[in-house]
Every structure is written in structure tokens, then in C-alpha cells.
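Please read the structure below before turning to the comments.
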Ligand SMILES: Cc1ncc(COP(=O)(O)O)c(C=O)c1O
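Structure, rendered in C-alpha cells:
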């Protein structure tokens, strides 16, 4: 038995006919770029995310870049973010010419630690970019208070967190701009790359719509220096077929996550495996189900699971401040010890909606055997 981290073939089997009909629809119209399908998806996701505006773009990475551009961030500016995320979070900051300033994370939620932020703020700081990692929101009340106190933009990297909530508010809608990814393995994944920005600010909405098409409002008249980052109609129709299932899929992820916790307790594993901390004032959408295993045992357990067909994986093995491409920032091992420990001790287990009871039993039995 092979159990992947996400089974997109199993998902496709449930929506195959709808997807193929939708793809045919696009070919029949030959409207491939942006189009009314993209506009319809934007309207659906704005509503879903409790935001006034949604702007489709080519990827989650581009969404972060466009958000920074819309906030006017560039050379000489600093943006505070987490060292424990996918590379795109910090590379977007560097790509606009600004400096990523890392602040360590909370040891249980893996999101940026608000209490450490103010000591990192300088006269160059322009924004805070929290990441709702694994599908759980950062502590947005604290972040909003800091951003307001210091006049900073707040850009939510919600790539992993569509539908997540913090005290009743949806991911992406709480800051200045929120960014989503439709990479195929995301909770709402396309058939390739895609992304979306959401905002409640009409000025940002208008600017983002221009920035994604080389800064033009009227064809061939370029008021801003933008980029080419449009969402394709083919992606939009695939996403629109999947979107009505998102809530049910999210509930299945949550049910599986809850089940894991019960099964670990029943198996007497709670001393050896720390299940994820789920904030009781939020909604965790479990993009990943990440357990914590004491240092030294994690790599052994991962290899043991993989040898048994369970494709458990590590997100992320190298914190951003220790990435080679950020060597110029001058960081060393020990600078952000909480993130560094998380990189050594976390392990993602399969949690996708189509996971069966039998598969989950198998995963837990192998975690038990692997930690003996
Ligand atoms: C936290 C985070 N930020 C940004 C991205 C970038 O998104 P994309 O792969 O769509 O460019 C991803 C996912 O890949 C992500 O997980």
C-alpha cells in the first residue's frame, strides 16, 4: 500500500466529467486569458474570503510579489516575516529589492511570534508578512495592533490557508492584502500554477488589477510598472468545479486530523508524538497535518514510514534565514532557534479528504512501530 501526502488522482475521479466539460467550454470559446470565468472565480472567492475584492494572478508567489508592489515596497525598505515558511514568502520581499527581516515563531503554532516583532521594527520597516502556516492563522489581532501602531502594511501569506479563520474572520481578509496559491496540492488546487489576491481596499484592488497586466488600465497605456501575471481561464474553470467541494473537503481534513489525535492517544504515543496545537479561537483547515517528534527520531521515523509506502515529508527542512540565497543577510545557525528546532522535529502525515479509515489505521500503526 502506498499512501501519498495528497491523492489528487482520487480527487479527480470524483469530478472528472465536470472538469472535462469545463475545459471543453474554454476551448469552445477560445478565451484563455483572464476572461469571464476568472471574473466569476474572483467573485466567488472574494465572498468566500469575506473580502470586497479578489484579483486572480499567475501563482501564489506572484500574489506576494504583487501585494508588495501595490504597497509601494522596494529598495531600502524592510519587511518583517517568519523564517519558517516556503521560500516564496521571503524571496518575494527580496525580489522587490527590500530586505526580509526575520522574527522567530511560536513553538506550538509555528506562526510568527507577535511579541518579538516590535524589537525588529526600524525606520525602514514598511510591512509585516505573516504566514498562516499549515492552514492555521497567525495571531492576527496582535499583528493588526502592531501594524496600526507603527503604520505598517500587513500582507497575509494565506497560500496554505484558504477558508481558515481567526476569531471568525477569514484568512486573507484581515490585513491590507491577502495572498492565495492554487498550486495543485493546495486545499483548492488548479491544474497548474495560479494565485489570487484579496483586499477590502478599493485603491489596492484597482492597482493590483493594473499591476498584473503590465500596469495598464487602458490597453497599451501603462501608468505603472507592472508584470505579466494573469490567471488563465483553464485554471479558473478547474478551480470553479472544485470550489463547491472545498467546505466538505475541509471538514474531511479536520475530521482526519481529530481522528489522528485520538488514535495517537489510544496508542499511548502522546509522550513521543506531539499533535498540532489547534487554537480554540480559530479554524484550522489542515493543509498539512504536522506532528512533532523529538530531535533525532524525526528523520528515522520519516525514513521508516517511507520504507513502508507512507510518503510523510518535512515542511520545511531548512529555515529561510539559513538558505544559501539569503547568505547575504548574514544569519547563522542559532539566530532563530524556535524555527530551527521546528525544521528538525516536524513531520507531515497524510491528511487529504479521500484518505480512508484503513489507510489512516495503517499510518498510525507504522508511526507506532517506527517510534519503538
Ligand atoms: C506559504 C506559502 N507561500 C507561498 C507559496 C507560493 O505559492 P505558489 O507555489 O503558487 O507560487 C506557497 C506554496 O507553494 C506557500 O506554501
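Numbering (the numbering used here), first residue to last: 23 to 394. Don't be surprised by glycine CBs; every beta carbon is placed ideally from N, CA and C. Source: prediction; values computed, not measured.
Q) Under the criterion of a Cβ to heavy atom distance below 8 Å, does residue 254 qualify as lining ligand 1? A) On the chain shown, residue 254 is found 232 positions in, with the first residue counted as 1. Checking the Cβ of residue 254 against ligand 1 gives no.
Next on the checklist: Just to confirm, is the Cβ distance from residue 370 to residue 335 under 9 Å?
Outcome noted: In the chain shown, residue 370 corresponds to position 348, counting from 1. In the chain shown, residue 335 corresponds to position 313, counting from 1. Against a cut-off of 9 Å, the Cβ pair of residue 335 and residue 370 comes out as a contact.
| Per DSSP, residue 151 is paired with what? | Along the chain shown, one-based indexing puts residue 151 at 129. 103.
Quiz item: Cβ of residue 352 versus every heavy atom of ligand 1: is any distance shorter than 8 Å?
Solution: Here residue 352 corresponds to residue number 330 of the chain shown, with the count starting at 1. No; taking the cut-off as 8 Å, the Cβ of residue 352 has no heavy atom of ligand 1 nearer than that.
- Given a cut-off of 9 Å, decide if residue 286 and residue 71 are closer than it, judged by their beta-carbon atoms. Stepping through the chain shown from its first residue, residue 71 is reached at position 49. Stepping through the chain shown from its first residue, residue 286 is reached at position 264. Not a contact, by the Cβ cut-off of 9 Å.
> How is the beta strand (DSSP E) around residue 241 delimited, first residue to last?
Replying inline: Looking up residue 241 in the chain shown gives position 219. Counting along the chain, residue 241 falls outside any beta strand (DSSP E), and DSSP gives it neither H nor E.
*Tell me, please, which residues DSSP counts as bridged to residue 368.*
As a working mapping, residue 368 is identified with position 346 in the chain shown. Per DSSP, the beta bridge partners of residue 368 are 314.
Can you check DSSP and say which residues form a bridge with residue 169?
-> The residue labelled residue 169 in the question sits at position 147 within the chain shown. In DSSP, residue 169 forms no bridge with anything.
So the candidates are 238, 153, 326; which of them puts its Cα closest to the Cα of residue 385? By one-based count along the chain shown, residue 385 stands at place 363. It is 326 whose Cα lies nearest to the Cα of residue 385.
Subject >> Below-9 Å beta-carbon distance, residue 119 vs any chain B residue >> reply: Looking for chain B here will not work: only one protein chain is present.
Can you tell me the Cβ-Cβ gap for residue 361 and residue 105, rounded? I've got them flagged as a contact below 8 Å. Against the chain shown, residue 361 aligns to sequence position 339. Against the chain shown, residue 105 aligns to sequence position 83. The pair is a contact, with the Cβ atoms about 4 Å apart (cut-off 8 Å).
Next item on the list: Could you tell me whether the Cβ atoms of residue 101 and residue 147 are closer together than 9 Å?
Entry: On the chain shown, position 79 is the one that residue 101 refers to. On the chain shown, position 125 is the one that residue 147 refers to. For the pair residue 101 and residue 147, the CB atoms are nearer than the 9 Å cut-off.
**Item:** In DSSP terms, what residue 175 is bridged to
**Value:** Within the chain shown, the letter at position 153 stands for residue 175. DSSP output for residue 175 lists 149 as bridge partner(s).
Return yes when at least one heavy atom of ligand 1 lies under 8 Å from the C-beta of residue 201, else no.
Position 179 of the chain shown, counted from the start, is the residue given in the question as residue 201. Yes, since a heavy atom of ligand 1 falls inside the 8 Å radius drawn around the Cβ of residue 201.
Contact between the region 231-243 and the region 255-265: three or more CB pairs below 8 Å? Counting Cβ pairs under 8 Å, fewer than three are found: no touch.
Enclosing alpha helix (DSSP H) for residue 76 [first to last residue] = As a working mapping, residue 76 is identified with position 54 in the chain shown. Note, residue 76: premise wrong, no alpha helix (DSSP H); beta strand (DSSP E) at 75-79.
Next item on the list: Please confirm whether any heavy atom of ligand 1 lies closer than 8 Å to the CB of residue 132.
Entry: Taking the first residue of the chain shown as position 1, residue 132 is located at position 110. Result no, Cβ not under 8 Å from ligand 1.
Q) For residue 195 versus residue 153, is the C-beta distance shorter than 9 Å? A) Within the chain shown, residue 195 is the residue found at index 173, counting from 1. Within the chain shown, residue 153 is the residue found at index 131, counting from 1. No, they are not a contact pair.
Legend entry - Nonlocal neighbours in the same chain, by C-beta distance under 8 Å from residue 120, ignoring five residues either side: Looking up residue 120 in the chain shown gives position 98. Once the five neighbours on either side are set aside, the close Cβ partners of residue 120 are 90, 95, 96, 97, 98, 99, 100, 101, 148.
**Nearest-angstrom Cα separation, counted from residue 114 out to residue 83** = Working through the chain shown from its first residue, we reach residue 83 at position 61. Working through the chain shown from its first residue, we reach residue 114 at position 92. About 7 Å.
Worksheet entry | Identity of the residue in 86, 380, 132 nearest residue 23 by Cα | Taking the chain shown and counting its residues from 1, one reaches residue 23 at position 1. Restricting attention to 86, 380, 132, the CA atom closest to the CA of residue 23 is found in 380.
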